[in-house]
Amino acid sequence: MNNLIQSITATHAGFGITILRIVAGITFAAHGAQKLFGWFGGHGLAGVAQWMESIGLAPGYLMALAAGSAEFFGGLALIVGLLARPAAAVLAVTMLVAIVTVHLQHGFFMSNNGYEFALALMAMSLAVLVEGAGRLSLDAQLAR
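Residue numbers (this note's numbering): 364 to 507.
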């Protein structure tokens, strides 16, 4: 079990990934809060669930809860750098689903509801997945 924890929390990344991880975490947590709680002008679970049902993601409530939870709690994990690799993996998959089901049909640019922003967030998540949480993280402390 100790080897598993070591492999999940180990990082050789420096301070650059820390900046990327925190910015991505804040962005994800804010978007998750919109979905789960209706904060920051969001529609909350009921509104997101209804929208997800309307685009064919059913059951809408479960899909909204899954996406919102992945973004909110995964974002918090990135902010503090705790279990950042598993959180980043979940967030990357969440963004891939968003790209394929919502944004791809609209092209690249965000101004047309395209996949530009989701792709950038997915790339940030993949960077954390590959590099680890960085020096300034709880993962780095646990790995010692």
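Heads up, the beta-carbon is just placed ideally off N, CA and C, and yes, glycines get one too. Predicted model, so just to flag it, every value in this text is computed and none were measured.
Can you give me the Cβ contacts of residue i inside the same chain, cut-off strictly under 6 Å, excluding the 5 residues immediately before and after it?
i	result
A492	At residue 492 the sequence reads Leu, which differs from the Ala that was named. Within the same chain, L492 has close Cβ partners R448, A451, A452.
L487	Sequence check: residue 487 is Met here, not Leu. Excluding residues within five positions, the ones whose Cβ falls inside 6 Å are L383, A387.
For residue i versus residue j, is the C-beta spacing smaller than 8 Å?
i	j	result
A503	T374	yes
L499	T381	yes
G444	G497	yes
A461	A429	no
M426	M458	no
G401	G438	no
Alpha carbon to alpha carbon, how far is residue i from residue j?
i	j	result
S417	G423	8 Å
H406	Q397	6 Å
A506	A376	13 Å
L399	I385	20 Å
A455	H469	20 Å
A440	A483	18 Å
Could you work out which residue in the options is closest to residue i when comparing CA atoms only?
i	options	result
E479	G431, H466, M426	H466
I442	Q468, S474, G495	G495
A392	N365, S432, A421, G404	S432
L367	G470, L446, S474, L501	L446
Leaving out five residues before and five after residue i in sequence, what residues of the same chain have Cβ atoms less than 8 Å from its Cβ?
i	result
Q369	A506
Run the proximity test for residue i: is its beta-carbon closer than 7 Å to any non-hydrogen atom belonging to the ligand SAH?
i	result
T374	Of the ligands one can find in the structure shown there are none, so the ligand SAH has no counterpart to examine.
Indicate whether at least one CB of chain D lies closer than 8 Å to the CB of residue i.
i	result
A429	The structure shown contains no chain D, having only a single protein chain.
Going by beta carbon distance, what residues of the same chain come within less than 7 Å of residue i, once the five residues before and after it are set aside?
i	result
Q413	G423
A490	I380, L383
N475	H469
M415	G423, M426, A427
V463	none
Should residue i be labelled buried (16 or more other beta-carbon atoms within 10 Å of its own) or exposed?
i	result
F472	exposed
F378	exposed
F435	buried
G419	exposed
G404	exposed
V411	buried
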